[in-house]
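Note sheet for the following structure.
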Ligand SMILES: [Zn+2]
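In the numbering used here, the protein residues as written are 9 to 265.
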């Protein structure tokens, strides 16, 4: 991102956070040229920094603004069209079982895939499942092909779209690891997952996917596919005390700062 562009995004974010409630739409309207997916990604980065400093309220405000922005300007601002609101814990839609995709060539599925891509990118997510954007179909997307700002220490995963996934654990070994979720913002919890597994499914071109993976890759697949059955990571905590807000967990030395 160009430094001058980033400065302009940061200045607008600052104005948004300081402007009187209700005046945000006018302010955004006056800066239409800055309203794009890159701006949303910057909002998310700033929200994460605020969270790390313990300012959960401002982070939440900023995320809400960014979400509204995606909805309000989605029609007229092309690059935002695919950014959808991510449902949060408590929304009953996250608790339903998703249905198998009957036809991978359905045009509605193309739109869903674009929306998953754009939304995951705007939120810097490690993965996203269709139910998280309110679509009850068995489709998940994960991996950004490079380092992820939300999980800087994690190995990069190949960008993978998986339709109607089937997971088979390979061996009895399990790993403990900390997880977060775009639907559970600001929190992390320690979860036990199969260490190695095989996953099969269909990609966005209708081609078969069949991989044997382990470690972080296996964890992300299990986390995303859980969403298809209405399961979120707090349901699977290994220990209820190994769960909390990121700054508190960092201060306690439970997760790396
Ligand atoms: Zn999740």
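Just so you know, even glycine gets a beta-carbon here, dropped at the ideal spot from N, CA and C.
Query	Result
Heavy atom of ligand 1 less than 7 angstroms from the Cβ of residue 131, yes or no?	no
Quick one: is the Cβ of residue 235 within less than 7 angstroms of any heavy atom of ligand 1?	yes
I'd like to know whether the C-beta atoms of residue 186 and residue 196 end up nearer to each other than 8 angstroms.	yes
Would you say the stretch 11–19 touches the stretch 43–58, given that touching needs at least three Cβ pairs under 8 angstroms?	yes
Considering only the alpha carbon of each residue, which of 68, 13, 237 and 264 lies closest to residue 100?	237
Just the C-alpha distance for residue 251 and residue 62, rounded to the nearest angstrom, thanks.	16 angstroms
Do the stretch 138–151 and the stretch 225–236 make contact, defined as three or more Cβ pairs closer than 8 angstroms?	yes
Checking the sheet assignment: what are the DSSP bridge partners for residue 177?	205
Verify the contact flag: residue 337, CB atom, against every heavy atom of ligand 1, threshold strictly below 7 angstroms.	There is no way to answer for residue 337, as the model of the chain reaches only from 9 to 265.
Expressed to the nearest angstrom, what Euclidean distance is found between the alpha-carbon atoms of residue 114 and residue 247?	42 angstroms
Do residue 173 and residue 233 come within 8 angstroms of each other at the CB atom, strictly closer than that value?	yes
On a Cα-Cα basis, can you pick out the residue from 210, 130 and 57 that is closest to residue 90?	130
Start and end of the beta strand (DSSP E) containing residue 220?	216–222
In the structure shown, what three-state DSSP assignment does residue 96 receive?	coil
Would you verify that the beta carbon of residue 71 is, or is not, closer than 8 angstroms to some beta carbon of chain B?	No chain B appears in the structure shown, which is made up of a single protein chain.
With distance defined between alpha-carbon atoms, name the residue in 258, 96, 112 and 25 nearest to residue 240.	96
Counting only the same chain and skipping the five closest in sequence on each side, list residues whose C-beta sits under 6 angstroms from that of residue 179.	204
List the endpoints of the continuous beta strand (DSSP E) containing residue 109.	It is not in any beta strand (DSSP E) - residue 109 carries neither H nor E in the DSSP assignment.
By the DSSP assignment, the beta strand (DSSP E) with residue 13 in it spans what residues?	It is not in any beta strand (DSSP E) - residue 13 instead sits in the alpha helix (DSSP H) that spans 11–26.
Should residue 92 be labelled buried (16 or more other beta-carbon atoms within 10 Å of its own) or exposed?	buried
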